[in-house]
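Asks:
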Amino acid sequence: QVQLVESGGGLVQAGGSLRLSCTASGSIFSRSAMGWYRQVPGKQRELVATHASGGITRYADFVKGRFTISRDNAKNTVYLQMNSLKPEDTAVYFCNMKGLIAGPFDYWGQGTQVTVSS
């Protein structure tokens, strides 16, 4: 069983920056697609950014130009650099790992709160 542990959330003023980290246990990180999602109470969880094992990245339109996803396979860690934060970015941010190795897998972290004050 893989464990994903997020860190880096917190309270920041609008226009500020935060960097989220997610470190995975186990040995399948480099072969996995990693992603960040977010959720606010009463709404569905939504995709923020993904980073495929081959290097392709994808972003939601609402974060393009402001957020950057990156990964360090040697550290089993994926990052989300968030710049120019807006109050509407306030949410719980979740790390996700998915892939296909002898069967599909899909793991989630516990989430980290990001609060952007106006």
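Under the numbering used here, the first residue of the sequence shown carries the number 320, and numbering increases by one thereafter. Here a beta-carbon is modelled for each residue, glycine too, at the ideal position from N, C-alpha and C. None of the values given here were measured: they were computed from a predicted structure.
Which word fits R357, buried or exposed, when buried means at least 16 other C-beta atoms lie within 10 angstroms of its C-beta?
Replies: To locate residue 357, count along the sequence shown from 1; it is residue 38. By the neighbour-count rule (16 or more Cβ atoms within 10 Å), R357 is buried.
Asks: Would L419 pass as an interface residue toward chain D - the criterion being a Cβ-Cβ separation below 8 angstroms?
Replies: Note that chain D does not occur in the displayed structure, where there is just one protein chain.
Asks: How many Å lie between G328 and D408 at the Cα?
Replies: Taking the first residue of the sequence shown as 1, we reach residue 328 at position 9. Taking the first residue of the sequence shown as 1, we reach residue 408 at position 89. One C-alpha to the other measures close to 12 angstroms.
Asks: Quick one: is R390 buried, meaning 16 or more other Cβ sit within 10 Å of its Cβ, or exposed?
Replies: Locating residue 390 in the sequence shown gives position 71, counting from the first residue. That one is buried.
Asks: Nearest to Q429 by CA position, among Q320, V321, E325, is which residue?
Replies: To locate residue 429, count along the sequence shown from 1; it is residue 110. When only C-alpha atoms are compared, the closest one is E325.
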